[in-house]
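K.L.:
Number of protein chains: 2
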Amino acid sequence: MRLFAQHGYAAVSMRQIAAGVGVQAGALYNYTPDKQGLLFGLMREHMDELLAARAERDVPADPLAQLEDFTRFHIAFHMERADEVFVSYMELRNLDAENFATIETLRRQYEDELEAILRRGVAAGVFSVPDSKIATLALIAMLTGVNTWYRTGGRLSVREVETIYWDMVRKAVAP
Amino acid sequence: MRLFAQHGYAAVSMRQIAAGVGVQAGALYNYTPDKQGLLFGLMREHMDELLAARAERDVPADPLAQLEDFTRFHIAFHMERADEVFVSYMELRNLDAENFATIETLRRQYEDELEAILRRGVAAGVFSVPDSKIATLALIAMLTGVNTWYRTGGRLSVREVETIYWDMVRKAVAP
DNA sequence: AATGTATCTGAACATCTGTTCAGATAAAAC
DNA sequence: GTTTTATCTGAACAGATGTTCAGATACATT
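Chains as they are written, first to last, in the numbering used here: chain A, 135 to 309; chain B, 135 to 309.
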């Protein structure tokens, strides 16, 4: 996973992966049908864990608290899995049509959770967004952007970053 | 460029590139010292054009108008160069240290323009952001996210997308 | 028409690619 | 202690990779 994140799926050979886990290349084929299966497995696992972790949280009552919860969850989860996030966002094009569709469905599920929050908030009059679908994608892009600059050990804690982004998210959807 | 965007730098061979321009692989070496030089050339050209296009615009007077101008410019420019943007954001890891630093410097220049706008706005009391550097990166990530979903010929025009995002940007940095 | 310059071809190079598989090795089940 | 099962090795495979280069081709200048 670290190898894929650092060099890219296509640039990493089965022999490098095998060396990474201390084994010969041929042995990998006891665990994956082919190279793409390996990538797909990692991606699917990541998305499953994302949705599972999300489902475990108990949802607050009002949309504003739900949005804050989503924001903090998204940032915290993505920050502690920088490699997985990177690969899952970057290597989609290396999946064949079927595998791509599977991952895309999972991603859509996750996006739908945020969109549902926004819609409820708009209906309740506590949010105002020009277009709930676009707002969803815009906010997720903004939040996921943390991964491009955050490095553990920097001047800000995860909690502080959460708060900074929450401030902007809250205002962006304010009426 | 289209090939790099669709399949990724590492997944595209020199022979494929050559075929794309109707030539044999060897002929490419009259134009680039090696494969990475080709990627670097495309990236550098893209960043130069970005900064040049930005420099051509005459800047509005107040920070609010400047921010709107930046937002609309960024979206419009990035939407009409989907492939270049995609490659420039995705293939950074395939550059060696020196080339990477060059591109990174150009990107930083661009980000600094937005940050300067934000700082002026904060100083003038028309903006309020928790951290101007982070806000810069957050906004750029959000705006660049358009490239993940927008397809020409969809239900929204570029101008409409600009306006939708501008609404969210404006509110996100509001006092 | 003859020369010089720039570009392109097509083959060759050494090396790497994903994948397969017979046989070695180890662990588990009886 | 023997047999079954699972896992790993190491070599082999056919083909692709980036890059080089002598020679062909086309074009511009004299």
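The C-beta atom is built at its ideal place from N, Cα and C for all residues, glycine as well.
Residues of chain A with a CB under 9 Å from the CB of H141(B): which are they?
P.N.:
Ordered by position in chain A, the residues that pass the 9 Å Cβ test against H141(B) are A144, R227 and N228.
K.L.:
Does the Cβ of Q243(A) have 16 or more other Cβ atoms within 10 Å, making it buried, or fewer, making it exposed?
P.N.:
Q243(A) should be labelled exposed.
K.L.:
DSSP three-state label for S266(A), please.
P.N.:
In the structure shown, S266(A) sits in a helix (DSSP, three-state: H, G or I).
K.L.:
What separation, rounded to the nearest whole angstrom, lies between the Cα atoms of V219(B) and V303(B)?
P.N.:
Rounded to the nearest angstrom, the two C-alpha atoms are 21 Å apart.
K.L.:
Can you name the residues of chain B whose CB is closer than 7 Å to the CB of D301(A)?
P.N.:
Those are P264, listed as they occur along chain B.
K.L.:
Quick one, which residues of the stretch 150–166 of chain B are near chain A if we go by CB-CB under 9 Å, in chain order?
P.N.:
Within the stretch 150–166 of chain B, no residue qualifies.
K.L.:
Give the straight-line distance between the Cα atoms of Y284(B) and L273(B), rounded to the nearest whole angstrom.
P.N.:
Using only the alpha carbons, I get a separation of about 17 Å.
K.L.:
At 8 Å on the CB atoms, spell out the chain A contacts of T282(B), in chain order.
P.N.:
Under the 8 Å cutoff, chain A gives L271 and A275.
K.L.:
Residues of chain B with a CB under 7 Å from the CB of I298(A): which are they?
P.N.:
Chain B residues near I298(A): P264, D265 and I268.
K.L.:
Name the chain B residues whose beta carbon is nearer than 8 Å to that of K305(A)?
P.N.:
Simply K305, A306, V307 and A308.
K.L.:
Can at least three beta-carbon pairs, one atom from the stretch 179–188 of chain B and one from the stretch 233–248 of chain B, be found at a separation below 8 Å?
P.N.:
As far as the Cβ criterion goes, the stretch 179–188 of chain B touches the stretch 233–248 of chain B, which means the pair count is three or higher.
K.L.:
Could you list which residues in chain A have their beta carbon closer than 7 Å to that of M224(B), in chain order?
P.N.:
Ordered by position in chain A, the residues that pass the 7 Å Cβ test against M224(B) are M224.
K.L.:
Would you say the stretch 257–266 of chain A touches the stretch 136–149 of chain B, given that touching needs at least three Cβ pairs under 8 Å?
P.N.:
No, the stretch 257–266 of chain A does not touch the stretch 136–149 of chain B.
K.L.:
How far does the alpha helix (DSSP H) with D246(B) in it reach, from first residue to last?
P.N.:
Residues A231 to A258.
K.L.:
For a contact defined as C-beta to C-beta under 7 Å, what are the partners of G175(B) on chain A?
P.N.:
Chain A residues near G175(B): none, gap ~19 Å exceeds 7 Å.
K.L.:
How close, in whole Å, do the beta carbons of M224(B) and M276(A) come, if the pair is a contact with beta carbons under 8 Å?
P.N.:
Rounded, the Cβ-Cβ distance is 18 Å, inconsistent with contact.
K.L.:
Along the chain, which unbroken stretches of the alpha helix (DSSP H) at least 4 residues long are found entirely within the stretch 169–214 of chain B?
P.N.:
Complete alpha helix (DSSP H) runs here, min 4: 169–190 and 197–213.
K.L.:
Just how far apart, CA to CA, sit G255(B) and E249(B)?
P.N.:
Looking at the two C-alpha atoms, the distance is approximately 10 Å.
K.L.:
Does A257(B) pass the burial test, meaning 16 or more other C-beta atoms within 10 Å, or should it be called exposed?
P.N.:
Result: exposed.
K.L.:
Pop quiz: G154(B) and N228(A) are said to be a contact at Cβ under 8 Å. What is the actual Cβ separation, rounded to whole angstroms?
P.N.:
Actually they are not in contact, since the Cβ atoms of G154(B) and N228(A) sit about 19 Å apart, beyond 8 Å.
K.L.:
On the criterion of 16 or more Cβ atoms from any shown chain inside 10 Å, does G279(B) qualify as buried, or is it exposed?
P.N.:
Looking at its Cβ environment, which holds 16 or more other Cβ atoms inside 10 Å, G279(B) is buried.
K.L.:
Rounded to whole angstroms, how far is the Cβ of L252(A) from the Cβ of V307(A), which I believe are closer than 8 Å?
P.N.:
Contact holds; Cβ gap of about 7 Å.
K.L.:
If you follow the alpha helix (DSSP H) that T282(A) is part of, which residue opens it and which one closes it?
P.N.:
Unbroken alpha helix (DSSP H) run through T282(A): V280 to W283.
K.L.:
Is there a C-beta anywhere in chain A that falls below 8 Å from the one on G287(B)?
P.N.:
Not one chain A Cβ lies under 8 Å of G287(B).
K.L.:
To which residues of the same chain is A259(B) closer than 8 Å at the C-beta, ignoring the five residues directly before and after it?
P.N.:
The sequence given here places Gly at residue 259(B); Ala does not occur at that position. Excluding residues within five positions, the ones whose Cβ falls inside 8 Å are P309.
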